[in-house]
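Below you'll find the structure, written out as structure tokens, and then a few comments.
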Amino acid sequence: MKHITITNFTDPVCIWCWGTEPIFRALETHYPDLVEFRYVMGGLVDDINNFADPDNGIDAGAEGANEQIVEHWIEAVEVHGMPVKPEGFHLFSNEFPSTYPQNIAYKAAQIVDPGKADAYLRRIREATLTEAKVTGDVDVLIELACEVGLERAVFSKALKSKKAEQAFHADLRLNHEAGVEVFPSFLVEADGEGEPVLLRGFITYEEFKDVIRSLTQGTLLPTAASPSMEAIHALLAKHPKLAFEEVYKAFDFASREQAHLFLEDLIGKQILIKEEVGLSYFVRMGL
68 MKHITITNFT DPVCIWCWGT EPIFRALETH YPDLVEFRYV MGGLVDDINN FADPDNGIDA
128 GAEGANEQIV EHWIEAVEVH GMPVKPEGFH LFSNEFPSTY PQNIAYKAAQ IVDPGKADAY
188 LRRIREATLT EAKVTGDVDV LIELACEVGL ERAVFSKALK SKKAEQAFHA DLRLNHEAGV
248 EVFPSFLVEA DGEGEPVLLR GFITYEEFKD VIRSLTQGTL LPTAASPSME AIHALLAKHP
308 KLAFEEVYKA FDFASREQAH LFLEDLIGKQ ILIKEEVGLS YFVRMGL
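Each step along the sequence shown adds one to the number in my numbering, with nothing skipped, and position 176 is 243.
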């Protein structure tokens, strides 16, 4: 059976990278144990005072970028459906003008405990986009690391080391070599067969499915992923907090209404706990 590797060129605070999480859940459940995800840090914002994204109306520097970013996020949510918390968002300032610290923190997590690094990346995304935390602050990054089980002193040392910074700059070189110009971008490979395919921007599950079918000459097709309490438990064992959109995309619901009713039943039975954020919500296992 062919194995798929998807290299995600990303930044921990990128709204469209956050919007891709449901697509990854769908790939996990419909291609069980056949898709591996790798993350390469892209360093979206070196310095917000020199940053401009005219297509999305972001160019106001440290003084005005936060408001512009929130406006863009609200527009993006209408497409991808993931929860965001615009209230209180103040990620950028003259004190914290860059997303490089978040990128370097992920590389530090890989150094300390590769098995927990991806969970840490997810936690940075959640904290930035749904909790309005200033994740450019080293103290915040250390607290988030502790939350996913990284040992404080060991992680702090790695975060402040030259090794983590050098690993991040190696990732920047990989972005350049791959021809990455937007985040997210994805390099899709099938067991070294054929030419890898680079996809740029927000990519739907259907588009990924078509690429996988083409790379494997039609031999690797998705399997059914029926919703059940056992299936939700299994997914939450890998990802302790899931947005509604992730659950909806991960399983073969007939409609969004069916997905809501399915989750509300489990929430009502206290099997799941609901956490409302913005216009959507998360679920996690009950006590």
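Every residue gets a Cβ at the ideal spot worked out from N, C-alpha and C, and that includes glycine. In this text, all values refer to a predicted model and were calculated from it rather than measured experimentally.
State yes or no: is the C-beta of residue i within less than 8 Å of the C-beta of residue j?
i	j	result
Ile-191	Ala-231	no
Gly-246	Met-149	no
Phe-156	Asn-133	yes
Ala-257	Thr-96	no
Ile-299	Leu-226	no
Arg-105	Thr-77	no
Gly-268	Val-255	no
Leu-42	Val-80	Missing from the structure shown is residue 42; the chain here goes from 68 to 354 and no further.
Ala-199	Glu-130	no
Ile-270	Ile-90	yes
Whole angstroms are fine: how far does the CA of residue j sit from the CA of residue i?
i	j	result
Ile-136	Ile-125	6 Å
Ala-321	Ile-71	27 Å
Lys-276	Leu-266	12 Å
Ser-160	Thr-286	50 Å
Phe-318	Tyr-173	29 Å
Gly-110	Leu-241	12 Å
His-327	Phe-349	12 Å
Glu-138	Leu-239	28 Å
Ala-119	Glu-142	18 Å
Leu-208	Gln-169	7 Å
Gly-128	Ile-340	39 Å
Asn-117	Asn-123	15 Å
Glu-343	Val-221	34 Å
Val-314	Gly-216	25 Å
Phe-253	Glu-273	14 Å
Phe-329	Lys-229	48 Å
Leu-233	Glu-88	Correcting the residue type first, residue 233 is Gln in the shown sequence and not Leu. If you take the alpha carbons of Gln-233 and Glu-88, they lie about 27 Å apart.
Gly-335	Gln-325	15 Å
Val-102	Gly-261	17 Å
Ile-115	Glu-331	41 Å
Just list the residues that DSSP pairs residue i with in beta bridges.
i	result
Met-108	Thr-77
Thr-72	Glu-103 and Glu-256
Lys-341	Val-350
Arg-267	Ser-252
Asp-319	Beta-bridge pairing links Asp-319 to no other residue.
Ala-310	Phe-349
Ile-125	Asp-120
My understanding is that residue i touches residue j, with C-beta atoms under 8 Å, so please give their C-beta distance in whole angstroms.
i	j	result
Val-144	Leu-346	7 Å
Lys-152	Thr-202	Not quite, the Cβ-Cβ distance comes to about 13 Å (not below 8 Å), so this is no contact.
Ala-184	Ala-176	4 Å
Pro-294	Tyr-98	Not quite, the Cβ-Cβ distance comes to about 17 Å (not below 8 Å), so this is no contact.
Leu-333	Met-296	7 Å
Report the option in the options whose CA atom is closest to the CA atom of residue i.
i	options	result
Arg-351	Glu-343, His-327 and Leu-303	Leu-303
Arg-323	Glu-312, Phe-222 and Asp-332	Glu-312
Pro-307	Ala-237, Ala-234 and Glu-214	Glu-214
Ala-301	Pro-79, Arg-92, Ala-127 and Thr-77	Arg-92
His-236	Val-107, Glu-262, Ala-186 and Ile-270	Val-107
Val-112	Leu-94, Pro-89 and Thr-166	Thr-166
Trp-83	Pro-251, Pro-294, Pro-89 and Glu-218	Pro-251
Val-264	Glu-273, Tyr-272 and Ser-281	Ser-281
Ala-186	Leu-309, Ala-234 and Gly-335	Leu-309
Pro-181	Asp-206, Gln-325, Glu-260 and Ala-212	Ala-212
Leu-94	Gln-325, Glu-331 and Val-278	Val-278
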